[in-house]
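Take a look at the structure below.
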Amino acid sequence: MLERRLKREISARKQAENLLEEKAKALFEANQALRALNADLEQQIEERTQQLSENETKFRQLVEKATEIIYNVDLFGNITYVNTVGIMHYGYEEADILGKPFTIFIPKEHREEVLQHYVEFMNSGKSSDYFELPVMTRYGSHLWFGQNTNRVVDDEGNVYFSVFARDIDQRKQAESALSLAKVEIEKSEIKYRSIIENMQLGLLEVDLNNTIIKVYPQFNEMTGYSGDELIGLNAPDVLGVEEDSDFHQNQIETRNEGRTGIYEVRIRKKNGELIWVLISGAPFYDEHGNVAGSIGIHYDITNRKQLEQELIQAKSKAESAQEAEKLFLASMSHEIRTPLNAIIGMSHLMSETKLDSVQNDYLQILQSSANILQHLISDILDISKIDSSSFELNITSLDLQELCLSLLRSFEYKKQNKTIEFNLEFDSAIKHHVFSDAQALSQILINLLSNAEKFTAEGEVLLKVSAAQEKSDNKMRLSFSVKDTGVGISVEKQQHIFERFKQADKSVSSQYGGTGLGLYISSQLVQLLGGELQVASAEGEGANFYFTLDVALDTTKGEISDERSLTLDRQEISLEGMRVLVAEDNTMNQRYISTLLKKKGICYDIGSDGVEALSLYEKNQYDLVLMDLQMPKMDGFEATQKILEIQKERGEEVPVLALTASSFLSKKQSAMAQGMSGFISKPFAPNQLYEVLRTFVVKGTTYEGFQTNSEKTNPIPPNVLKLEGEKEKSEIRFQNEIDLEYLEEAYGDDLEYAKEMFVVFLSIVDESMDTLKQAVEKEDFDRVKQQAHKIKPTFTMIGLSSITKAMSALENAAIEKDLESVVKTYAEISHHLKIMIPKVETQMNKF
Amino acid sequence: MKGIVFTEFLEMVEAKFGYEMVDKIISSSELSNDGAYTATGTYPHHELLQLLNELSNASDTEKSVLLHSFGTYMFVTFKNGYPGFFEGFEHGFEFLKSVDAHIHKEVLKLYPDAKLPSFETRGDGNEMRMTYRSYRKMADFAHGLIEASMSHFGHEHQVSKKVLVQDGSEVEFHIVIEV
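From first to last, the protein sequence lines are chains U and E. Residues 684 to 1530 (the numbering used here) are what the first sequence spells out, left to right. Residues 50 to 228 (the numbering used here) are what the second sequence spells out, left to right.
Listed below in structure tokens is the structure:
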């Protein structure tokens, strides 16, 4: 057992020795590592030491050169040290500072506050403190310090305070300015917020994706959403209308590009109701200047929109009503005039038959009523034009004196058995042509002269034109007056006479007739020309209607000669020796015109087409040109242009009058526009031609009012003036007898001439109708139109005016390419002509 | 398990029963190095349990009693070997509290591979509860050490034991000082 014990103890000892050796080895290694660590540490220490010493040097330099003020204060508040900066900065000497209590450098009003702060600091036991305080410089001004105070205990255990102070004056000033600015900003924010809140504007802010980020109370009220319900939702999705989505997308893109926009759009309230809002959208920016979203100011314009809609509807209603009224007036006047013409014509024919005195009285009433009716229709047409503002002025150069003279002539001419003198007093200071609308001016003066004549039983009607004021070289103020010695108008009645359908009193229309439209039209026309029609009158003392107009003078034309005839009696004007060029392709017309010209001793040449006429004009001198508009080879427009060019070269002014079978105003207007001086509608009566020629005997007038005037005063209009665009719609009524009344007027007792016209007619009619027939059969509308137009006046000349009308209808049908109507009308004409030809032959044999 | 436990255990057996008993329990156990232990070495834990089993059989004494006695014995060894751990305490509870908080931490510095039990203490004044936790299940050894400690600090005391986990890996000691 002992042996075993020994063995165990030896084994244990060996184990212990092994363990010891292992431990020793581990110890050795640890020791080695420690030693290496130590060496490393020593090196680190050395480096650190050197670094420290460098830092200390740097620090020392820093303190000495510091911009900070460094000073020490003892426990009693006395300054024990201050660096150079501190002294210099405040303008003191060292002796001014050292040993002095620091409080004497603090402005009195801050002293208590500063002291209290530092007492609290000392009592708190804190080791450091930061405080800002004002300090007085030697020169009395204040500078702000921001100072760090450190409690320091020195080697001997004494406590003192080391202070590092920095001049923060600039920052303080900036801060104070900033705080002032802040107050201002807050004030203005409050101001604008209250403005916005009181303005019922709903504000909404969205981010770049249209997500709502802020909702202002007014917007909630506007849309019915409460509180933050809308936050985080996509604005167009929740508020917009689906069909506007592209528009909204477009708007947000615009906003994200930094552009503002104002637009009207519908939005949906919480309860589903749609309202219209006016949105003013503007981008807003983040602190880096990038667009961060947009703010929309919403203004509820639902009521306005509704109103707008109603207004639009009302306007369109009113417009269509007005349009309908215009159409109605236009068509009614046409529809009325057609039968009216028949009444006037028939009554005229009837007056030529044998009547007893009672019948004669009745007939006269019938005729005068028909005439009134005709005037009335003309007036209504004028009014509808003026009221619809479609009346356009046509300003041209005109000889005012000649215009006045011709007006008075026509009155003198048609004045009945009254003993009235028509006189003109024309200011000789008006030496030039003036620019004005001759037609409007004529109409005004005709109306005024008619009134004067109507209300004057005997005495004088004086038309007076005077230069009220010469404004400048090229402008003049003219004063017009029409004065009569008639019944006059009482002052209280004067205020109504310029109103529509108002006469001085109801007895006037019964006593004097008239519609009460003339003065209204005149005053409107004067207004269009830039003046005001006024009246001066008293009951029983005549009336004076007057107005002034500013006109431009046409100085390009020479001064008006004083020598010309001022006679009013045009019958006295001789046409003999006048040289006239006639451009006309229709043989019948050629014969007709040449006979009329021959009768008055007028020299003439005839060109059968534009080219021929032009060559004649080039070779000869003429006083007047009668120009058919539709001719082969070269039409009247082109020929006129060429003739006017020649006139320009020659320096002469020869009037060119259009001969037109077209009753359309547009044709006549374009003729005027082409430089023609007037027009005569075919077919015309001999006197109509002579009247026109007389007008142009005295050179220099571009008197375009003639036709209107003539139509108004002529008891039997040679044709019916049609409105533009009107068509011959009424059924053609063929007359089965030759119009003897017309023949009488046209040829008088010149039977030979009449016979010649009939011979010519019969010689050309078959060929003309054949040409027409072929054109109709070939459905060649252009040819039909041309041929119908060409031959239509011919029929009137032998008293077949109903065929002329039928030809017009055929012409229109061809223009409209209405084949059915063309064929039908042609057939009717052809049929009627077959009946009428034997009658024409019979009539011819009677001459 | 650290060698010191083995060497002290065998010393105690020799002191109480003589070397014949030491030789007997070593011989009847299957040990890796025939019972030759050195204090600083590390040996399998089950060898101590075999030796304890054999001792219990040979001496006809409860293992718990043997372990308790071993604890009492071991305290003396600790006290003599490491007097520094016992200095500065005026009260046994303070010392007991320092076992887990202080002494075991120092032990681990020297022997990082040591598997030490944990002690959780609560209570104060004259009464303390101390919970032992170790997979070695040697609460009785701890019991001996606790009673020896209390005696060392001159406390009249009573220590009762309550097994918290059946296998003995968690045991609570209730220590009451009688005043």
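From the three backbone atoms N, C-alpha and C, an ideal C-beta is built for every residue, glycine too. Predicted, not measured: the structure shown is a model, and the values here were computed from it.
Residue i: which of the options sits nearest, CA to CA?
| i | options | result |
| --- | --- | --- |
| GLU1482/U | GLY1284/U, GLU795/U and PHE1417/U | The residue asked about is misnamed: residue 1482/U is Gly in this sequence, not Glu. For the residues GLY1284/U, GLU795/U and PHE1417/U, the minimum Cα distance to GLY1482/U belongs to PHE1417/U. |
| GLU103/E | MET123/E, HIS94/E, SER76/E and TYR122/E | SER76/E |
| SER810/U | LYS706/U, SER1513/U and SER845/U | SER845/U |
| ARG794/U | PHE804/U, GLU776/U, HIS1179/U and VAL818/U | VAL818/U |
| ASP1110/U | GLU1104/U, CYS1087/U and ALA1123/U | CYS1087/U |
| ALA975/U | ASP890/U, VAL1459/U, ILE1498/U and GLY885/U | ASP890/U |
| GLY1214/U | LYS1281/U, LEU1161/U and VAL1506/U | LEU1161/U |
| LEU758/U | HIS800/U, ASN831/U, VAL842/U and GLU692/U | VAL842/U |
Taking 7 Å as the cut-off, decide whether the C-beta atoms of residue i and residue j are in contact.
| i | j | result |
| --- | --- | --- |
| SER200/E | HIS223/E | no |
| VAL765/U | ILE787/U | no |
| GLY941/U | PRO900/U | no |
| HIS981/U | ILE995/U | no |
| PHE124/E | LEU194/E | yes |
| ILE897/U | GLU888/U | At residue 897/U the sequence reads Lys, which differs from the Ile that was named. The answer is yes: Cβ separation under 7 Å. |
| ARG650/U | LEU916/U | No statement about residue 650/U is possible, as the shown extent of chain U runs from 684 to 1530 and does not include it. |
| MET1159/U | VAL1209/U | no |
| LEU1032/U | GLU1424/U | yes |
| MET1317/U | VAL1337/U | no |
| GLN1526/U | ILE1421/U | yes |
| VAL212/E | VAL220/E | yes |
| HIS1116/U | LEU1064/U | no |
| MET1271/U | MET1480/U | yes |
| GLU1267/U | ASP1311/U | yes |
Measuring only the C-alpha atoms, how far is residue i from residue j?
| i | j | result |
| --- | --- | --- |
| THR943/U | THR937/U | 7 Å |
| ILE1285/U | GLN1313/U | 24 Å |
| LEU1023/U | ILE1129/U | 23 Å |
| ALA1296/U | VAL1170/U | 54 Å |
| ASN1495/U | PHE1464/U | 10 Å |
| VAL1148/U | TYR1275/U | 40 Å |
| SER1205/U | SER1040/U | 38 Å |
| PHE1530/U | SER1298/U | 38 Å |
| ALA682/U | GLU1374/U | Lying outside 684 to 1530, the shown extent of chain U, residue 682/U is not represented and no answer is given. |
| GLY829/U | VAL960/U | 56 Å |
| GLY907/U | SER999/U | 36 Å |
| GLU1143/U | LEU1258/U | 30 Å |
| ARG1262/U | ALA1219/U | 47 Å |
| GLN1469/U | SER1291/U | 16 Å |
| PHE1181/U | GLN1207/U | 9 Å |
| LEU689/U | ASP83/E | 12 Å |
| HIS825/U | VAL836/U | 32 Å |
| TYR660/U | LEU1445/U | Past the boundaries of the shown model lies residue 660/U; chain U is included only from 684 to 1530, so the question cannot be answered. |
| LEU1249/U | LEU1107/U | Note on LEU1249/U: pLDDT 45, under 50, position unreliable in the model; the coordinate value appears next. Distance between the alpha carbons of LEU1249/U and LEU1107/U is about 9 Å. |
| GLY130/E | SER807/U | 53 Å |
Quick check on the DSSP output: the alpha helix (DSSP H) that includes residue i runs from which residue to which?
| i | result |
| --- | --- |
| ALA1429/U | 1423–1430 |
| HIS192/E | 188–201 |
| GLN1457/U | 1434–1460 |
| HIS1514/U | 1502–1529 |
| LYS673/U | The structure shown does not extend to residue 673/U, since chain U is modelled only from 684 to 1530, so the question has no answer here. |
| PHE1379/U | First-last for PHE1379/U: undefined, no H or E at that position. |
Output the boundary residues of the beta strand (DSSP E) element that contains residue i.
| i | result |
| --- | --- |
| ASN1106/U | 1102–1109 |
| LYS966/U | A small fix is needed here, since residue 966/U is Pro in this sequence, not Lys. First-last of the beta strand (DSSP E) with PRO966/U: 957–968. |
| GLY885/U | 885–890 |
| GLU947/U | 944–951 |
| GLY1260/U | Note, GLY1260/U: premise wrong, no beta strand (DSSP E); not H, not E. |
| THR1479/U | Taken as a continuous stretch (DSSP letters only), THR1479/U belongs to no beta strand (DSSP E), being part of the alpha helix (DSSP H) at 1464–1480. |
| LEU213/E | 206–214 |
| LEU1232/U | 1226–1237 |
I'd like to know if residue i contacts chain A, where contact means its C-beta is closer than 7 Å to some C-beta of that chain.
| i | result |
| --- | --- |
| ARG854/U | The displayed structure is made up of protein chains U and E, and chain A is not among them. |
Residue ranges of each beta strand (DSSP E) within the region 808–856 of chain U, 3 or longer: Unbroken beta strand (DSSP E) runs of no fewer than 3 residues, entirely contained in the region 808–856 of chain U, are found at 811–819, 825–836 and 842–850, following chain order.
Completely contained alpha helix (DSSP H) runs for the region 1108–1172 of chain U, where each covers 4 or more residues: Runs of the alpha helix (DSSP H) inside the region 1108–1172 of chain U: 1121–1137.
Runs of alpha helix (DSSP H) lying entirely within the region 749–801 of chain U, each at least 4 residues, in chain order: Whole alpha helix (DSSP H) segments, 4+ residues: 767–773 and 777–780.
Whole alpha helix (DSSP H) elements within the region 138–178 of chain E, 4-residue minimum: Listed in chain order, they are 141–147 and 153–159.
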